[in-house]
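Data first, discussion second: the structure below is written as structure tokens.
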Amino acid sequence: MFNIQIYLDKLRYAIIILAAGGSRRLGHPKQMVGWESSTLLNHTIKQANQVSNSDVFVTLGDCFDEIHSSIKEKVHIIFHPEWYHGMGSTISFSVSKIQLKKYKGVILSVCDQPYISTDNFVNLINKFESSSAKIVVSEYRNGQGPPTLFSQEIVKDLMKISGDNGAKSIIKKYKNDVVSTCFYGGEIDIDTVEDLEKLKGSKE
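The numbering of the sequence shown is the working numbering, which starts it at 10 and goes up by one.
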């Protein structure tokens with residue numbers, strides 16, 4: 010038992026940034042929207058890379074060459090050829106491409122939350138480590154959402170998601186084993202031109 014505990018303590022966390030979508034409502038790749046002297050995607054990768062006990066993955070799909078060439082941060086790239094099947098497809102494909110045995114848990118993040126920070130990822134891990142929960146979600150001012158941490162014991166459930174369904178069904182399934190951490194500004198994301206204009210206005 011002692012040796013097993015030592016092994017578990019050495020396990021890390023996988024942070025998967027889901028950035029494969031086509032940004033249809035925005036009209037151009039949201040991954041490349043300018044933010045913090047960089048782009049939304051590079052900003053998210055940079056924040057995740059500063060989590061010491063993690064490996065960071067980015068799943069790309071639409072406009073792969075253009076977006077891939079814009080990435081300036083060190084990261085593991087996953088290409089999802091059938092990204093057009095939706096978020097659920099991207100989640101299940103991404104999880105299937107990492108070595109789950111290496112990780113105590115998987116954090117699913119997105120690339121269009123401008124106010125995401127390293128603290129958001131660290132808070133998820135700290136909450137998970139200090140509780141018996143199987144899932145830790147980010148709590149916004151008006152709801153919940155990503156980034157979300159899933160424990161190793163249930164992360165295979167994510168590989169059963171399909172189509173455009175996100176991870177809400179998994180969170181609902183384990184609703185008695187879910188805790189949360191605060192993510193101020195997490196409700197702000199970029200889906201439309203109006204969202205982008207509002208974001209730019211807030212910076213002026």
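Quick reminder that beta carbons are idealized off the backbone N, C-alpha and C, glycines included.
Item checked: Exposure label - Gln56; buried when at least 16 CB within 10 Å -> buried
Checklist line | Given Tyr22 as reference, the closest of Ile86, Pro38, Lys110 and Gln122 once Cα atoms are compared | finding: Lys110
Checklist line | Contact under 7 Å by Cβ, Glu203 with Asn151 | finding: Not in contact: Glu203 and Asn151 (Cβ atoms no closer than 7 Å).
Checklist line | Residues near Glu148 by beta carbon distance below 6 Å, same chain, minus five either side | finding: The beta carbon of Glu148 sits closer than 6 Å to those of Ser189 and Cys191, all from its chain and outside the five residues before and after it, given in chain order.
Item checked: Cβ neighbours of Gln59 in the same chain (closer than 7 Å, five flanking residues each side left out) -> Scanning its chain for C-beta atoms nearer than 7 Å, with the 5 sequence neighbours on each side dropped, one finds around Gln59 the residues Thr127, in chain order.
Notebook entry, point to check: Could you give the uninterrupted runs of the beta strand (DSSP E) lying entirely in the region 177 to 203, keeping only those of 3 residues or more?
Noted result: 187 to 191
Item checked: Tyr22 in three-state terms, based on DSSP -> strand
Notebook entry, point to check: Between which two residues does the alpha helix (DSSP H) harbouring Leu133 extend?
Noted result: Thr127 to Glu138
Notebook entry, point to check: Between Asp71 and Ala29, what straight-line distance do the alpha-carbon atoms span, to the nearest angstrom?
Noted result: 6 Å
Margin query: Which residues does DSSP list as the beta-bridge partners of Thr157?
Written below: Leu117
Checklist line | Separation of Ile25 from Ile134, as counted between CA atoms | finding: 14 Å
Checklist line | Cβ-Cβ distance between Pro158 and Ile116 below 7 Å | finding: Before going further, note that residue 158 is Leu rather than Pro in the sequence given. With contacts defined by Cβ atoms closer than 7 Å, Leu158 and Ile116 form a contacting pair.
Note to self: In whole angstroms, give me the CA-to-CA distance for Ser98 and Ser32.
What the structure shows: 16 Å
Item checked: Exposure label - Ile144; buried when at least 16 CB within 10 Å -> buried
Note to self: Just to confirm, is the Cβ distance from Asp121 to Ile170 under 7 Å?
What the structure shows: no
Checklist line | Cβ-based neighbour list, Val187, same chain, cut-off 8 Å, excluding 5 preceding and 5 following | finding: Ala142, Lys143, Ile144, Val145, Val146 and Ile180
Next item on the list: Would you please state the rounded distance, in angstroms, between the beta carbons of Val84 and Phe66? I believe it to be under 8 Å.
Entry: 7 Å
Note to self: Mapping the DSSP letters down to three states, classify His37 as helix, strand or coil.
What the structure shows: Looking at His37 - three-state DSSP - the assignment turns out to be coil, as it is neither helix nor strand.
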